[in-house]
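J.:
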């Protein structure tokens, strides 16, 4: 962290009886004036400290807060292992409500982008501006492929996966170096510094001296069906704030400008990043920050 300022404080809030964690980079400037709120929302199997580099560059002008989703980071896991987008939208709504601020600006990634887009469509007056990094979920083509399998078969597969997950303990790594190697394997675009930071803040040390990722293993098994496409499209269309949809040219994610999903937005535009994958805010950090500064 910057030598001029300390790192963020660790805080918590309650949502649906769960204690959820967030980090706060400071509400007031050096003159005691409140800064405008900016909420950072991470993606699946990630954590709030993934945003540290972004927060460090924005903290002088913004009241930056970054939450850990339920089942992620230092937030509690749900008792039944079932995670739904609706519950996560509730968590974000509760987070903003308990902060007692708004409208807010939101920058979100992947699963967090999906949640933030739904929040912005549900509470359009509460969002000033929105940046969603690859947050629209599976492409229309992918949805068609999944639905080609009869629903009973998909339900049976989900039950088998949930049953297997219930007996699975978090994977253990003999050393933090082993966990770091797995992080690099997951995203080869990461620098050594980035990967170490993400690993250090993304693992717990077990009683036997091994290390495990903080996220709940049940997060690998999602529900068979989400809400209907028409309802998601209605939600996107209800977003009234300026919206930026960012995509990596080397990512698995489908660009909404080419697959038709952008047509369901009234105020959104798309920017694609060359030489970047799904974590484009890490892969092309300088360009991402320049784009973000211009947009904000």
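Numbering (the working numbering), first residue to last: 102 to 397.
All C-beta atoms in this analysis are idealised placements derived from N, C-alpha and C, irrespective of residue type, glycine included.
These figures come from a predicted structure and were not determined experimentally.
#1: What three-state label does DSSP hand residue 340 in the structure shown?
#2: Taking all protein chains shown into account, decide if residue 165 is buried (16 or more other Cβ within 10 angstroms of its Cβ) or exposed.
#3: When you compare the CB positions of residue 167 and residue 178, do they come within less than 7 Å of one another, or not?
#4: So, residue 232 versus residue 204, is the Cβ gap smaller than 7 Å?
#5: So, for residue 169: in the same chain, excluding its five sequence neighbours on each side, which residues have a beta-carbon less than 8 Å away from its beta-carbon?
#6: Specify the secondary structure class of residue 314 as computed by DSSP and reduced to three states.
#7: Need the endpoints of the beta strand (DSSP E) that residue 112 sits in, please.
#8: Within a Cβ cutoff of 8 Å, which residues of the same chain sit near residue 103, ignoring the five residues on either side of it in sequence?
#9: Where does residue 251 land, buried or exposed, given buried means 16+ other C-beta within 10 angstroms?
#10: With distances taken from CA atoms, which of 249, 298, 372 and 244 is nearest residue 349?
#11: Considering only the alpha carbon of each residue, which of 307, 319 and 300 lies closest to residue 180?
#12: Sorted by chain position, which residues of the same chain lie with C-beta nearer than 8 Å to residue 244's C-beta, five sequence neighbours on each side aside?
#13: Below 6 Å CB to CB, which residues in the same chain sit around residue 215 once its five sequence neighbours on both sides are set aside?
#14: Judging by CA-CA distance, which residue of 139, 277, 210 and 257 is the nearest neighbour of residue 326?
#15: Kindly indicate the opening and closing residues of the beta strand (DSSP E) around residue 374.
#16: If distances are taken between C-alpha atoms only, which option among 116, 364 and 161 comes closest to residue 127?
#17: In the DSSP assignment, find the beta strand (DSSP E) that holds residue 229 and state where it starts and stops.
#18: For residue 119, does the three-state DSSP call read helix, strand or coil?
#19: Roughly how many angstroms separate the alpha carbons of residue 293 and residue 254, rounded to a whole number?
#20: Among 159, 117, 196 and 353, which residue has its Cα nearest to the Cα of residue 240?
#21: Taking the alpha carbon of residue 333 as the reference point, which residue from 364, 345 and 280 has its own alpha carbon closest?
#22: Let me know the secondary structure DSSP gives residue 179 once reduced to three states.
#23: If you draw a straight line from the alpha carbon of residue 274 to that of residue 304, how long is it in whole angstroms?
#24: Is it right to say residue 213 is buried, meaning 16 or more other beta carbons lie within 10 angstroms of its own, or is it exposed?
#25: With a CB to CB cut of under 7 Å and the five nearest residues on each side skipped, what residues in its chain are close to residue 186?
T.: Looking at the atomic coordinates:
#1: coil
#2: buried
#3: no
#4: no
#5: 121, 122, 123, 143, 148, 149, 175 and 176
#6: strand
#7: 110-116
#8: Confidence in residue 103 is poor, its pLDDT being 45 and thus under 50, which makes the residue's placement unreliable; the coordinate value appears in the next sentence. 157.
#9: exposed
#10: 372
#11: Ranking the options by Cα distance to residue 180, first place goes to 319.
#12: Residues 330 of the same chain have their beta carbon placed closer than 8 Å to that of residue 244, with the five preceding and five following residues left out of the count.
#13: 236 and 238
#14: 257
#15: 369-374
#16: Taking only the C-alpha atoms, the option nearest residue 127 is 161.
#17: 228-234
#18: strand
#19: 42 Å
#20: Comparing Cα-Cα distances from residue 240 to each of 159, 117, 196 and 353, the minimum goes to 353.
#21: Each of 364, 345 and 280 was checked against the Cα of residue 333, and the nearest Cα belongs to 364.
#22: coil
#23: 10 Å
#24: buried
#25: 215, 216, 219 and 327
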